[in-house]
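Read in order, the letters of the sequence shown are residues 293 to 1134 in the numbering used here.
I have placed the structure first, in the form of structure tokens, so that the comments after it can refer back to it.
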Amino acid sequence: MLRIALITIIGLFQFLNGLSQVTSNELNDKLENYRLSKLEGDTANQIEALHEIAVHLKRVGELDSSIIYLKKELELSKLKGDTYNYIRSLNALGIVEKQHGNFSNSEEYYNRALLSLGNDGDSLLLAKIHNNLGLVQKLEGKVDDALSNFIHSIRIRTELKDSASLVVAHNNLALLYMEIEDFNDAIDQLQLAKRACRNYGSDYKMSIIDHNLGLSYLGLNSIDDAISYLTKAKKARSTFDDPVGKASIDMSFGKLWLQEKEYSKALDVLTKAQHVFISKNSEKLLDELYYLKAMTLKKVGQSDSASHYFEMSIEQAEKHLGSRFLVKSYREMALLKKKQGDLQSSNYYLSKLIQVQDSLNELEIRKKASELEHQYNSQIKEKEIQSLEKVNRLNERLKKRNFWFFLITAILLIVAVVFAVSLYYEMRSKKRVADELTKTNRSLARSNSALKRANAKAEEALQIKRDFVAAVSHEIRTPMTSVIGMTELLADTPLSNDQKKYLKVVKNSSSSLLVLLNDILDFSKIEAKQIKLHYEEVQLKPLLSEIELLLKKEKKENVEFELIVDNDVPQFIYIDQNRMRQVLVNLLHNAFKFTHEGKVQLTVKPGKKEKTLNGYLYDIVFQVKDTGIGISKHKLKWIFESFHQADSSISKNYGGVGLGLSITKGLVKLMGSDLKVESREGEGTTFSFKITSKGKNKHLESENFTSIEDDSNPGISYPLNILIVDDNKINREMLDIQLRKMGYKPLIAKDGEEAINIAVNRQPDLIFMDIMMPGIDGIEATRKIREKLKDESPIIIALSADTFSAQSQSSMIHTFDDYMSKPFFAQGLLEAIKKWYGKTKT
């Protein structure tokens, strides 16, 4: 008995020493199973063995080798006609390729699996493939395709009543909606996830869903709901040992308090979260935290501390290229240094911003290099596996020789091994499940991070474009104000015929440049969705007559213009008359430009008429038809593209940059319609669109005017004490001369501080106030004047070259009485004086 016990102990010791070789032995067993199946011609076992080998290699991180065996399984399943295993291998290939970072290959395999499975296949497998395909497309930035596949997967899982997988599926779809800022749909999906989670019973997942709900309501600016869900998530997270997760919720509170201008609260929770991240060595969210803290310090006027945290955010963001806070922090530092007068540092941060943009392009080059390296490694791995198979065959021969020895040893060890083996496999099973969960969580985190980076890059690129257009607008309009104004003044002086001819060229060129600038700005506003229509009751026929007068200079000797307004069209409709005028003038301008003889016709006719509680709704059709050069059928689809014309020769022969129709289509879309075109080359073109509007007919009484306004000497007709405020010397002189020619003696101020002093001491009736000035700008100067003079405050009209910034337009609406965009003509000054004369304190 002692001998048997000794032998048993020795055998157990040998077994424990061999545990480290189990994985290798397990792979060898699977390879041997595949070899025997191949020798016996058992295709079904070959397929299963190949799949087990591939799964094992994937689990140990040998992704290239796993792909090779999965491809063998795929080929063998196809030859046998085994549909289930063929689709299983395609799905597995998609998973491994995604894990390897080859998203395009992964998407191809999933699409092939869906095509083979069809709609009548295994529902659970179909749902998994749609979900996996959606995750890959999300990483690739294909938002619409990802949405479609997530929704399809959720629909199938709902029919299967699989609550556990529905929680993750709804949450994944919600995260995608949050990335594209569709917070309402995100909230709907998160509520569905909560319902499934109640059936499933996971408090930790419920806290994650509540956190995402809080962020979604914050995106909708629904602060009370956001606070409620974030508080609930924090309370639930406190029951788990997850300080980093709890700190991430604190950071979300910091973002909320910053948005609500509760800066003290924001600093408290952000500092608290900062301590946790640093103590737990969790740097993943530090770039965002430092950026939020810097923005908060900036808001409370602590510029030095804000600069420090912006630099810390930059330091953290540079550790993982693609962080959206790297670009944001560089921009904020550039603006902060510029405000402090440190132009050298400001230029440095601007240059770093440009470098970051360039580095993002290098990522694509690295990705291609990685794909080539992957192909090379795959070939090497395949050769290594072939060598390994040869070694395994040699080992098998050795195993056969020692068969009887291992058999006797196995009998002696069997009693001691049974318990140890069962314990080992239980531990290994738990570890495998834990590893798979860890890998899944990491994969989801990488997917989420990639989507955030892609969205941030798109937002930053769009913001840079908006800033550039706004800056160019201001820098062009400021000198154009002087050019147009001085041209008008020069035209009123004695000139020779040649001088008049030259001056006319300057004036026409300035007007053309202004039209082009306005087109570019309109196009940028439409693209940025910053144009809002202002509807009002408009008498239609006078508007059309006005448009006809505006087009007098467009008319040609051999081209007839015809205006047709159907009698059933209502007299009054509700439209934005400025934008309607712009649309019709653009279409008629094009018609006259491309018509050399024949007719241009504008037709307005009614469509469907519907009775409502507040009157009638009319469908009104506008049609512009010409007999011009026309457009060939294959070029029609390009004419609405920005900076594109039907033919390259058009720009040479007719001028223009190809923005007019793009702007017109955008404006028509804002009106709730679609611009349609029909054309035949050599016969003419017809543009048409339909709007729906309330309409009414009124009895119009004729009015007899007994007096005519005399504008020959406005200084006498409309006596006012006027103050000019502008930091640009040329603009001040130009405005001074224009107003003196009208009979006024304006006061002059070169900055905001001087304007305040003159306004308080001299109390003018009307102020023309420039917006962008060094020191105290026009907005701040206006506020101080109103604070000091209160009810005695004069009429203040803003003068600005910034026509794109939504912030500046909002400030003008709430600060000034009126607004004039640079450049403007002397007639514009006179119209402003006449408009406000009766409302001044005089």
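All C-beta atoms, glycine included, are put in the ideal place defined by N, C-alpha and C.
Where residue i falls, given that 16 or more other Cβ within 10 Å makes a residue buried
i, result
"His-1106", "exposed"
"Ser-930", "The amino acid at residue 930 is misidentified as Ser; the sequence shows Trp. Exposed: under 16 other Cβ atoms inside 10 Å."
"His-888", "exposed"
"Glu-970", "exposed"
"Val-710", "exposed"
"Ala-702", "exposed"
"Gln-647", "exposed"
"Phe-569", "buried"
"Gly-730", "The question names Gly, but residue 730 in the sequence shown is Thr. So Thr-730 counts as exposed."
"His-567", "exposed"
"Pro-1038", "buried"
"Glu-575", "exposed"
"Phe-532", "exposed"
"Glu-624", "buried"
"Tyr-794", "exposed"
"Asp-356", "buried"
"Leu-1027", "buried"
"Ala-726", "exposed"
"Arg-871", "buried"
"Met-470", "buried"
Residue j beta carbon less than 9 Å from that of residue i
i, j, result
"Gly-393", "Leu-425", "no"
"Leu-371", "Ser-381", "no"
"Leu-855", "Gln-831", "no"
"Asn-491", "Ala-461", "no"
"Phe-979", "Ile-1016", "no"
"Ser-445", "Leu-482", "no"
"Thr-977", "Gly-964", "no"
"Gln-869", "Leu-909", "no"
"Ile-339", "Leu-368", "yes"
"Asp-1057", "Ile-1089", "no"
"Tyr-622", "Leu-589", "no"
"Glu-852", "Gly-890", "yes"
"Val-877", "Val-896", "no"
"Ile-921", "Glu-973", "yes"
"Ser-735", "Gln-429", "no"
"Glu-432", "Phe-475", "no"
Distance between beta carbons of residue j and residue i, contact taken as under 8 Å
i, j, result
"Leu-548", "Ile-501", "Not quite, the Cβ-Cβ distance comes to about 18 Å (not below 8 Å), so this is no contact."
"Tyr-640", "Phe-617", "That belief does not hold up - the Cβ atoms of Tyr-640 and Phe-617 are roughly 18 Å apart, past 8 Å."
"Leu-959", "Val-875", "5 Å"
"Ser-358", "Ala-346", "5 Å"
"Ala-883", "Asp-918", "4 Å"
"Asp-534", "Ala-565", "The Cβ separation is near 13 Å, so there is no contact."
"Val-916", "Leu-953", "Not quite, the Cβ-Cβ distance comes to about 12 Å (not below 8 Å), so this is no contact."
Residue i, DSSP secondary structure in three states
i, result
"Glu-389", "helix"
"Thr-977", "strand"
"Leu-452", "helix"
"Val-877", "helix"
"Tyr-376", "helix"
"Thr-266", "Only positions 293 to 1134 of the chain appear in this structure, which leaves residue 266 out of reach."
"Ser-971", "strand"
"Lys-572", "coil"
"Met-1165", "The question about residue 1165 has no answer, for the chain in this structure spans 293 to 1134."
"Lys-988", "strand"
"Gln-1138", "Given a span of 293 to 1134 for the chain in the structure shown, any question on residue 1138 remains unanswerable."
"Tyr-1111", "strand"
"Leu-505", "helix"
"Leu-512", "coil"
"Val-592", "coil"
"Lys-847", "coil"
"Gln-338", "helix"
"Ser-1004", "coil"
"Ser-415", "helix"
"Gln-831", "strand"
"Ile-1125", "helix"
Open item on the list: In chain order, what are the residue ranges of uninterrupted alpha helix (DSSP H) at least 4 long that sit wholly in the stretch 538 to 570?
Closed with: Annotation note: the stretch 538 to 570 contains no uninterrupted alpha helix (DSSP H) run of length 4 or greater.
- [ ] Could you tell me which uninterrupted beta strand (DSSP E) segments, each at least 3 residues in length, are contained entirely in the stretch 421 to 496, listed from first to last along the chain?
- [x] none
Task: 3-residue-minimum beta strand (DSSP E) runs that sit fully inside the stretch 877 to 926, ordered along the chain - done: 890 to 904, 907 to 918
Task: alpha helix (DSSP H) runs contained entirely in the stretch 1024 to 1084, provided each spans 4 or more residues - done: Listed in chain order, they are 1044 to 1054, 1070 to 1081.
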